[in-house]
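Take a look at the structure below.
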Amino acid sequence: MNAPTNGKITAVFLHPRDSREFRAELGQNTTGQQAIDGLVKNKFIEPPGGTRAYALQLQRTGATIPLSSSLATAGVQDGDHIPVTETSAGA
Amino acid sequence: MDTNTSSDLFSRETLAGYDRKRMESAVVTVVGLGAGGSNAVQTLALAGTNELRLIDFDTVEVSNLTRSPLFDRRRLAGKKPRFKAREAALGALVCSYAADPTVRFAIARFEEAGLGALVGSDVVIAAVDSLRVRALLADATRLLGIPMVELGFFESRGQISVFPNSTGEEPCWRCQHPQVEDGVASCTLYAQRVAAEGHIPATQSLAAVFGALATEHAIQAVHHRFPLAGRTFFLDLHSGRTNVLSLTTDPCCPGVHRRFGEVRPLMVSCDEPLRAVFDAARPFATDPIVHLPAPFVVQMPCAECGSPVEVAKPVWGVLQPPHCEKCPELPQLGERGMVVVSTVAASDPLAQRRCRTLGLSLAAILEIEDRATGVMHPVKLAGNLDDLFDVRRRGGNTVSPNGILMNETATPSSKEMNP
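From first to last, the protein sequence lines are chains S and Z.
Reading the first sequence from the start, the letters are residues 1 to 91 in the working numbering.
Reading the second sequence from the start, the letters are residues 1001 to 1419 in the working numbering.
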């Protein structure tokens, strides 16, 4: 992985349902929740609600990125791919 | 063919590693008897699970029939409402291969039934169609140290997760979803959101697949095996795409990361005032404060003019938006201006209210904090499982030997749990 430059990291978010990607340059202190909010704001994913919730996965390790943690703390490195997972309450 | 010889009956399951002794004593609770939950119940019954506990407040709709194999269409022909929990229970009893199956059912929201309904379960399957209630179940099972299997699906995709809940340090469901609101919302509000997001389709195949996946991991949990512990498995039936997410503990998780110690039984009925709980707690808590299992809504603003309206119900009992006497009813519900209480001190006027009106049912489990020491004491009100559930066993007059339901009526549950 590349070392972060000028305090920013570039991450590639993968859509939960299809093959779309969203490339974003983020501050290392950006939290997982802020990242999701940004994806919603940019209409990459629909807003979460009573039946839908999102989580972020660091593809390199398969682990979740805690939404309260900064991406850097969660081990996200420049160029990492981050699948957005969608949990449904449909049952 | 002798269908009663257990060794032959379960020969395949035995080869697959199922232990008959464990299954003959297994207790599995399923919360939510929609398409996913009822498919899980059917498979659990076929696998010979000894006791099933089923919790759901909802009624059966025609559209449920094609996805819920346990609902007998002949029984649904009348005009009387049929409850999912009851219908699933009767269907499970018909198809169960347990030697002496017990099926308990509660026509109630999980919040009404309370933690007492889960005590003694080997595993809980969360198949309820609300993220908020899943969060409550995640906390409840963690506190009680009961494994939880969660399933959910949407369009062609779905997921299951397994939480062994053997320690407080493990990642919990809420670590993954800390943004899910933690209770100050009503079912009406939830329903409005669901409607705004559009109908959730659930096909037969989707329900069968995810019901079966949840069942397999519930059976593994009965055997104290957790091959999917702390992970979420995603599957898209159409594309074949899969993903396994390893869950991480969130240091800021709003959920519960501890387990109850010993639960003390209190000889206090839910029909007594809450002050009786304080009296009973004096021997072990010098300065007690009661933590209610669900927030209690004292008042809310009128949905139209905003003036305060007394509500006085547990949050799960707030089904309609309040209106003051001057305003007509509007289908809107706001959360601003709500006065909500989560703890009650002995000197609080709420301590004079009956426990039941505060959302504490028979056999309710709640916590008493000793403010002098900071120690939390979990306690259980008087009552037992038979107070929470209707129970059906084979051999009574409910199911005949050829599997035809007999003498079952459409009356609602006799268990009164509404405050």
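Don't be surprised by glycine CBs; every beta carbon is placed ideally from N, CA and C.
What whole-angstrom Cβ distance do residue i and residue j have, given they're in contact under 8 Å?
i: Z:Asp1058; j: Z:Lys1084; result: 5 Å
i: Z:Leu1151; j: Z:Ala1127; result: 6 Å
i: S:Thr10; j: S:Leu71; result: That belief does not hold up - the Cβ atoms of S:Thr10 and S:Leu71 are roughly 11 Å apart, past 8 Å.
Just reading off the alpha helix (DSSP H) that residue i is part of, what are its end residues?
i: Z:Gly1211; result: Gln1204 to Val1222
i: Z:Phe1110; result: Phe1110 to Ala1113
i: Z:Asp1387; result: Leu1385 to Leu1388
i: Z:Phe1278; result: Arg1275 to Ala1281
i: Z:Val1041; result: Ala1035 to Leu1046
i: Z:Glu1023; result: The residue asked about is misnamed: residue 1023 of chain Z is Met in this sequence, not Glu. Run containing Z:Met1023: Arg1020 to Ser1025, per the alpha helix (DSSP H) assignment.
i: Z:Asp1139; result: Leu1131 to Leu1144
i: Z:Leu1093; result: Lys1084 to Cys1095
i: S:Thr51; result: First-last for S:Thr51: undefined, no H or E at that position.
Between which two residues does the beta strand (DSSP E) carrying residue i extend?
i: S:Lys8; result: Lys8 to Leu14
i: S:Lys41; result: Run containing S:Lys41: none in the beta strand (DSSP E); it sits in the alpha helix (DSSP H), Gly32 to Lys41.
i: Z:Lys1380; result: Val1375 to Lys1380
i: Z:Thr1242; result: Thr1242 to Ser1246
i: Z:Val1123; result: Val1123 to Ala1126
i: Z:Glu1369; result: Ile1365 to Asp1370
i: Z:Ala1312; result: Pro1308 to Pro1314
i: S:Glu21; result: Glu21 to Gly27
i: Z:Arg1353; result: First-last for Z:Arg1353: undefined, no H or E at that position.
Can you give me the C-alpha to C-alpha distance between residue i and residue j, rounded to a whole angstrom?
i: Z:Met1300; j: Z:Val1309; result: 5 Å
i: S:Ile45; j: S:Leu39; result: 6 Å
i: S:Pro83; j: S:Pro16; result: 7 Å
i: Z:Ala1312; j: Z:Phe1296; result: 7 Å
i: Z:Leu1358; j: Z:Asp1279; result: 17 Å
i: Z:His1217; j: Z:Glu1061; result: 29 Å
i: Z:Pro1147; j: Z:Ala1099; result: 25 Å
i: Z:Val1094; j: Z:Asp1139; result: 33 Å
i: Z:Pro1349; j: Z:Met1338; result: 18 Å
For chain S, check one thing: does any of its Cβ atoms lie closer than 8 Å to the Cβ of residue i?
i: Z:Pro1178; result: yes
i: Z:Phe1153; result: yes
i: Z:Ala1202; result: yes
i: Z:Gly1078; result: no
i: Z:Gln1159; result: yes
i: Z:Pro1251; result: yes
i: Z:Cys1172; result: no
Chain Z beta carbons: is any one of them nearer than 8 Å to that of residue i?
i: S:Thr87; result: yes
i: S:Leu67; result: yes
i: S:Thr64; result: yes
i: S:Gln33; result: yes
i: S:Ala91; result: yes
i: S:Gln77; result: no
i: S:Ala72; result: no
i: S:Gln57; result: yes
i: S:Ala11; result: no
i: S:His81; result: no
i: S:Thr51; result: yes
i: S:Val84; result: no
Residues of the stretch 1109-1142 of chain Z whose Cβ lies closer than 8 Å to any Cβ of chain S, in chain order
Ala1127, Val1128, Asp1129, Ser1130, Leu1131, Arg1132 and Arg1134
For the stretch 1236-1249 of chain Z, which residues have a beta carbon sitting closer than 7 Å to at least one beta carbon of chain S?
Asn1243, Val1244, Leu1245, Ser1246, Leu1247 and Thr1248
Anything in the stretch 1258-1284 of chain Z with a Cβ closer than 9 Å to a Cβ of chain S? List those residues in chain order, please.
none
Going along the chain, which residues of the stretch 1035-1047 of chain Z sit with their C-beta nearer than 9 Å to a C-beta in chain S?
Ala1035, Gly1036 and Gly1037
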